[in-house]
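Numbering (our numbering), first residue to last: 1 to 196.
Idealized CB from N, CA, C, for every residue including glycine.
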Amino acid sequence: MSADKLPFQIAGEPAEVRLMSLDTVQSTLEIEGFVDSPGQYVFVVHYYSPDNPPVFTDVLVQNDFADAMFHYCPSISGCRTIIVDRKTGLQQFRIEDKYLLTFYANNTFQKGPIYIDYILPVPFESFADSVLKPLPLGLADEFVEECAAENFGNRPENVSDYCRSKIFSITSEFIGAAMACDCNPQGSLDFACADY
Numbered sequence: 001m002s003a004d005k006l007p008f009q010i011a012g013e014p015a016e017v018r019l020m021s022l023d024t025v026q027s028t029l030e031i032e033g034f035v036d037s038p039g040q041y042v043f044v045v046h047y048y049s050p051d052n053p054p055v056f057t058d059v060l061v062q063n064d065f066a067d068a069m070f071h072y073c074p075s076i077s078g079c080r081t082i083i084v085d086r087k088t089g090l091q092q093f094r095i096e097d098k099y100l101l102t103f104y105a106n107n108t109f110q111k112g113p114i115y116i117d118y119i120l121p122v123p124f125e126s127f128a129d130s131v132l133k134p135l136p137l138g139l140a141d142e143f144v145e146e147c148a149a150e151n152f153g154n155r156p157e158n159v160s161d162y163c164r165s166k167i168f169s170i171t172s173e174f175i176g177a178a179m180a181c182d183c184n185p186q187g188s189l190d191f192a193c194a195d196y
């Protein structure tokens, strides 16, 4: 499914992102791949789950039973989880070359679709928990493109909702919180602060 058909927004170019939906309609999802060299691998799953509480799903890794815990994830950049062997509790699996992962929807606790973006097989010796934390998104280019008109003039009466929310976010983040409006009457157009 193309990400531009999702009922929520994601980062990047949605028309270029393809997701696989795991839900009551598509209750089984098979994903094939391969690794460059034989060894122990940790499978990192990048996903979106804006409608679900934390939910375990059954996964078959080759023919081994495993689990994946998908947490609530409303983030526009998605979230990551790993697949864990159900019998041993280990997070690594021996893979020779090709692999097959089969995900099964949790029809008991799953409230809506889990959208899987990609699977990242990471060599066990290279895996660190930091892999589970997506990198910060660089949205400066979009902000400059949308809000740079008139030297970032963005007057309250004609600013777009996007620029208004981003300017507020940048300002309050920079100063640590929102501040009281203390207009300087000599530098203002009016004695009252304009709502922004």
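What's the gap between the Cα of residue i and the Cα of residue j?
i	j	result
V122	F43	6 Å
A15	Q9	11 Å
S77	A11	5 Å
A199	K133	Absent from the structure is residue 199, since the part of the chain shown begins at 1 and ends at 196.
F109	T24	11 Å
Q91	G112	26 Å
V131	R164	33 Å
S160	D4	22 Å
G39	I167	48 Å
Q26	N106	11 Å
S126	M1	31 Å
G89	Q62	16 Å
T57	D67	6 Å
F143	Y162	9 Å
R80	D64	21 Å
F124	Y41	5 Å
Any heavy atom of the ligand HEM within a distance shorter than 6 Å of the CB on residue i?
i	result
V61	For the structure depicted, the ligand HEM is absent and the ligand set is empty, with no information on it obtainable.
With a cut-off of 8 Å on the beta carbons, I'd call residue i and residue j a contact; round off their distance for me.
i	j	result
D97	V35	6 Å
I116	L19	7 Å
I83	V59	5 Å
According to DSSP, residue i sits in a beta bridge with which residue or residues?
i	result
S2	R18
G33	Y99
G39	I95
Y162	Beta-bridge pairing links Y162 to no other residue.
task: Return the chain-ordered ranges of every beta strand (DSSP E) run that is complete within the stretch 61-121 and spans a minimum of 3 residues.
output: 64-70, 79-85, 92-95, 98-104
- prompt: Can we say the stretch 22-41 touches the stretch 96-113, given the rule of at least three CB pairs closer than 8 Å?
  reply: yes
query: Using 8 Å as the Cβ pair cut-off and three pairs as the minimum, do the stretch 45-53 and the stretch 68-75 touch?
result: yes
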